[in-house]
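Numbering (my numbering), first residue to last: 6 to 159.
Notes to accompany the following structure.
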Ligand SMILES: [Zn+2]
């Protein structure tokens, strides 16, 4: 549900986490755990015009994910097969769906959604979006709730 690109998921699996918060300029991951069980992870990773800026994930999933010994393209392709079989959607379509879920009823603003899909250009804009993690995490939860998905129980 993170909406990240494949390479980005692999990247954040092993990348070290810095505890200095979003204001920090180092190239490690920076994360904030929110009260509703979500964690917002600021990622600073650019390859050409593809960017990963931030993602939101359930804290418990994040912790399980980081405990995996290995996570690579084999695991992703296994996920593709399961999704195709069980829900009939191609993994690549999930990025589009993810964006539309966030934008439905304007639950998240364009800026917020753009940051979460890695398309936002200005660095200050990114800080603006991430300055209130609790509020963003609540909006994100509401966005999925609009579709009957309660992210605390998945
Ligand atoms: Zn740092």
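All C-beta atoms, glycine included, are put in the ideal place defined by N, C-alpha and C.
All values reported here derive from a predicted model rather than from experimental measurement.
Helix, strand or coil for residue i? Go by DSSP, reduced to three states.
{"i": "residue 18", "result": "helix"}
{"i": "residue 46", "result": "strand"}
{"i": "residue 113", "result": "coil"}
{"i": "residue 9", "result": "coil"}
{"i": "residue 77", "result": "coil"}
{"i": "residue 139", "result": "helix"}
{"i": "residue 122", "result": "coil"}
{"i": "residue 133", "result": "helix"}
{"i": "residue 150", "result": "helix"}
{"i": "residue 98", "result": "helix"}
{"i": "residue 104", "result": "helix"}
{"i": "residue 27", "result": "coil"}
Can you tell me which residues form a DSSP beta bridge with residue i?
{"i": "residue 57", "result": "50"}
{"i": "residue 34", "result": "22"}
{"i": "residue 63", "result": "43"}
Who are the near neighbours of residue i in its chain, counting only those whose CB is closer than 7 Å to its CB and skipping five residues on each side?
{"i": "residue 41", "result": "142, 143 and 146"}
{"i": "residue 96", "result": "84, 85 and 88"}
{"i": "residue 67", "result": "44"}
Can you list, in chain order, the residues of its chain whose CB lies under 6 Å from that of residue i, leaving out five sequence neighbours each side?
{"i": "residue 37", "result": "45 and 138"}
{"i": "residue 49", "result": "32"}
{"i": "residue 11", "result": "81"}
{"i": "residue 157", "result": "42"}
Leaving out the 5 sequence neighbours to the left and right, which residues in its chain are closer than 8 Å to residue i when beta-carbon positions are compared?
{"i": "residue 8", "result": "60, 99, 100, 103, 104, 121 and 122"}
{"i": "residue 71", "result": "18"}
{"i": "residue 16", "result": "48, 50 and 57"}
Within 8 Å, do at least three Cβ pairs link the region 73-91 to the region 109-116? no
Counting Cβ pairs closer than 8 Å, one from the region 117-126 and one from the region 88-105, do we hit at least three? yes
Output the residues surrounding ligand 1, defined as those with a CB atom closer than 6 Å to any ligand heavy atom, in chain order. 23, 25, 29, 31, 33 and 35
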